[in-house]
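Add 23 to a position in the sequence shown, counting from 1, and you land on the number used in our numbering. Below you'll find the structure, written out as structure tokens, and then a few comments.
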Amino acid sequence: FQPKADLQTGAVTSVEALVRWQHPERGLLPPGEFVPFAERTGISRGLSRYVLAAGVRQLREWGEQGFDVAVSLNLTMFDLLDPKLPDEVGGLLADEGVDPSRLELEITESVIMADPVRVREVVGRLKALGVRLAIDDFGTGFSSLMYLKNLPIDVLKIDRSFVMGMDANERDRAIV
């Protein structure tokens with residue numbers, strides 16, 4: 024889990040679940056080295072289910088310990104094209120007794136483009152559960168403000184390529 028802090032108070036308000044694989048021979052692998060393989064072999068939904076369940080379970084445990092934080096995690100194209108996803112998320116939240124507003128699901132522009140109608144339907148059902156929704160890496164694909172108008176998005180995460188250069192590049196600063 025990678026912490027996210029409030030810049031004004033310095034307090035950790037949420038964490039992002041980042042999947043890594045502790046490979047027995049190659050050591051710790053970042054997602055770029057195994058997620059594409061999971062997608063090609065059809066096991067990415069299983070991986071997403073595992074990460075989602077682990078994140079919601081961790082939310083419950085932290086809540087029991089008095090830590091009031093939220094957890095965000097990434098969804099793949101395969102997740103958002105699955106009409107059963109909202110029922111799975113709702114079931115996990117109910118089973119663990121977790122407030123849905125403490126879960127933030129991140130999607131990328133490319134995921135939205137896969138099947139905008141079906142993604143909008145699944146995202147709408149997720150939002151109806153009370154979870155927060157974020158667009159991640161905004162600005163790297165075929166960016167459109169229409170996403171912001173047509174999807175119930177709570178958070179817009181502008182891609183780092185704009186943020187990292189905003190102190191030296193006036194155009195990046197204007198975008199951010």
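C-beta atoms are modelled at their ideal positions from N, C-alpha and C, and glycine is treated no differently.
In whole angstroms, what separates the C-alpha of A93 from that of L41?
Looking at the two C-alpha atoms, the distance is approximately 14 Å.
Three-state secondary structure (DSSP) at D91?
Here D91 sits in coil by DSSP.
Less than 8 Å between the CB atoms is what I'm expecting for A38 and Q25, so what's the real figure, rounded?
Here the sequence assigns Val to residue 38, which means Ala is not the residue at that position. Sure, about 6 Å apart at Cβ, within 8 Å.
Among I158, E129, D138, whose alpha-carbon lies nearest the alpha-carbon of L96?
When only C-alpha atoms are compared, the closest one is E129.
Quick one, are the C-beta atoms of L152 and P109 less than 8 Å apart?
Contact: yes.
If we count the other Cβ atoms within 10 Å of its Cβ and call it buried at 16 or more, is S71 buried or exposed?
Looking at its Cβ environment, which holds 16 or more other Cβ atoms inside 10 Å, S71 is buried.
Taking the alpha-carbon of N173 as reference, which of R49, V146, D122, V121 has the nearest alpha-carbon?
Of R49, V146, D122, V121, the residue nearest in Cα terms is V146.
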